[in-house]
Amino acid sequence: MRSESSSWLDEYGIVAFTLSTILLLITLCKWKTKKHRNGVPPLPPGPRGLPLVGYLPFLEPDLNPHFARLAKIYGPIFTLKLGTRLCIVLSSPSVAKEVLKDHDATCANHDAPAVGITCSYGGVSLVCSHYGEHWRMLRKVCVTQLLSNKRLESLYQIRQRECRQMVNNIRAMIGIPITIDDYINATLFDTVTGMLWGGLAHEGHEKKQINSEFRKLSQRILALCGEPNISDFIPFLAMFDLQRKEREMKMLMSWFDRILDQVIEQRLTMKTVKQIDFLQVLLQCRDQVDQKKTPMTMTHIKALFMVRTSYYHLHYSTYAFFGYN
Numbered sequence: 000m001r002s003e004s005s006s007w008l009d010e011y012g013i014v015a016f017t018l019s020t021i022l023l024l025i026t027l028c029k030w031k032t033k034k035h036r037n038g039v040p041p042l043p044p045g046p047r048g049l050p051l052v053g054y055l056p057f058l059e060p061d062l063n064p065h066f067a068r069l070a071k072i073y074g075p076i077f078t079l080k081l082g083t084r085l086c087i088v089l090s091s092p093s094v095a096k097e098v099l100k101d102h103d104a105t106c107a108n109h110d111a112p113a114v115g116i117t118c119s120y121g122g123v124s125l126v127c128s129h130y131g132e133h134w135r136m137l138r139k140v141c142v143t144q145l146l147s148n149k150r151l152e153s154l155y156q157i158r159q160r161e162c163r164q165m166v167n168n169i170r171a172m173i174g175i176p177i178t179i180d181d182y183i184n185a186t187l188f189d190t191v192t193g194m195l196w197g198g199l200a201h202e203g204h205e206k207k208q209i210n211s212e213f214r215k216l217s218q219r220i221l222a223l224c225g226e227p228n229i230s231d232f233i234p235f236l237a238m239f240d241l242q243r244k245e246r247e248m249k250m251l252m253s254w255f256d257r258i259l260d261q262v263i264e265q266r267l268t269m270k271t272v273k274q275i276d277f278l279q280v281l282l283q284c285r286d287q288v289d290q291k292k293t294p295m296t297m298t299h300i301k302a303l304f305m306v307r308t309s310y311y312h313l314h315y316s317t318y319a320f321f322g323y324n
């Protein structure tokens with residue numbers, strides 16, 4: 000009888016100790032959370048969401064009018080959760096100026112989309128890099144070397160040559176029905192690749208085929224970067240790639256890698272360069288930067304080329320928007 004009572008007391012003691020430990024841990028967590036929040040200003044107001052998915056089910060297709068209505072309720076700056084991500088919406092020019100200009104360094108960092116990390120070679124591009132020495136180095140290269148008026152003027156002959164070539168090709172087809180879209184697209188492609196790395200060393204049918212593939216892939220890459228992805232809203236699902244967008248982006252990037260690796264290898268084996276293009280500028284910058292402080296590798300060069308690829312596609316999209324397709 001005494002042994003049964005002792006056994007029951009032992010089991011009761013274990014249960015009581017376990018419950019007490021759990022309650023103590025919960026109390027400590029709440030106390031630490033409250034203590035941490037006391038020193039942090041509260042977040043701006045915003046609409047409530049659901050657990051896990053946040054405000055996603057309530058978003059309307061046309062975001063601008065939807066956010067404008069929310070701004071009338073919650074003010075020019077409000078918060079909402081998209082999945083588990085906390086988002087801040089700015090709907091006032093003065094607030095946007097304060098965040099994007101006055102406090103640019105403080106608010107510079109942001110979460111890059113999963114497919115954006117893939118197409119920027121692990122997030123090393125200017126768009127996806129976090130603010131710091133590496134980002135400042137890339138920005139300096141872009142502003143002073145790639146996008147300066149002096150650099151663009153030095154490549155004027157390439158643009159002039161390609162435009163004249165297009166006019167001559169169209170003139171040669173007088174009396175024959177043609178698709179002007181093909182000529183415009185080919186000219187844009189040849190101009191941009193000529194400015195990037197002097198153009199492709201292919202001619203005839205092979206060049207047209209690469210031209211077509213380049214156009215389709217660049218369009219698809221930018222489209223993927225803009226499509227909603229559940230991995231961006233609920234990060235712990237990113238490892239599963241439920242919508243297979245990251246897998247598709249890796250397949251698209253493998254094609255670009257083959258082209259870029261071939262172009263870079265050809266340039267490195269050349270003894271003399273006739274014209275200084277973007278590739279030559281980047282190779283020179285790689286030799287000039289402090290590799291110990293802010294290393295610049297071939298991966299960084301290819302990531303910067305992806306920015307220029309976006310430039311090509313945006314120009315073509317603008318052309319297509321005005322009804323020339």
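Last residue of the sequence shown: 324 in numbering that gives the first Met the number 0, with the numbers rising by one and none dropped.
Cβ atoms here follow ideal geometry from the backbone N, Cα and C, with glycine treated the same way.
- Counting every other CB atom within 10 Å of its CB across the protein chains shown gives Ser230 a total of 16 or more, marking it as buried.
- Beyond the five residues adjoining it in sequence on each side, Gly74 comes within less than 8 angstroms, by CB distance, of Pro43, Pro44 in the same chain, given in chain order.
- Judged by pairs of C-beta atoms under 8 angstroms, the stretch 187–196 touches the stretch 153–170, as three or more such pairs exist.
- The three-state secondary structure of Cys127, taken from DSSP, is coil.
- Glu59 counts as exposed, since fewer than 16 other C-beta atoms from the protein chains shown sit within 10 angstroms of its C-beta.
- A Cβ-Cβ distance of about 30 angstroms is found for the pair Gln164 and Cys284, leaving them out of contact under the 8 angstroms criterion.
- Taking the C-beta atoms as reference points, Met305 is found nearer than 9 angstroms to Ser124.
- The three-state reading of DSSP puts Leu79 in strand, counting E and B together.
- Look at Ile72 here: in three-state DSSP terms it is helix.
- Non-local beta-carbon contacts of Ala302 in its own chain, meaning distances under 7 angstroms to residues more than five positions away in sequence, involve Ser119, Tyr120, Val123, Ser124 in chain order.
- A straight line joining the alpha-carbon of Trp134 with that of Asn148 spans about 22 angstroms.
- In the pairwise beta carbon analysis, the stretch 253–271 is classified as not touching the stretch 76–94: fewer than three pairs are separated by under 8 angstroms.
- A distance below 7 angstroms between beta-carbons, with the five flanking residues on each side excluded, links Tyr54 to the following residues of its chain, in chain order: Pro46, Gly48, Leu79, Lys80, Leu81.
- Apart from the 5 residues on each side of it in sequence, Arg170 has no Cβ closer than 7 angstroms to any other Cβ in its chain.
- Taken through DSSP and simplified to helix, strand or coil, Gly193 comes out as helix.
- The C-beta distance from Arg219 to Asn184 rounds to 15 angstroms, too long to fall under 8 angstroms, and the pair is not in contact.
- The criterion of a C-beta distance shorter than 9 angstroms is satisfied by Glu245 and Ala113.
- Leu51: not part of any alpha helix (DSSP H); DSSP gives it neither H nor E.
- In this structure, the alpha-carbon of Leu282 lies about 21 angstroms from that of Met252.
- The beta carbon of Gly115 sits closer than 8 angstroms to the beta carbons of Gly122, Val126, Cys127, Cys224 from its chain, once the five residues preceding and following it are set aside; these are given in chain order.
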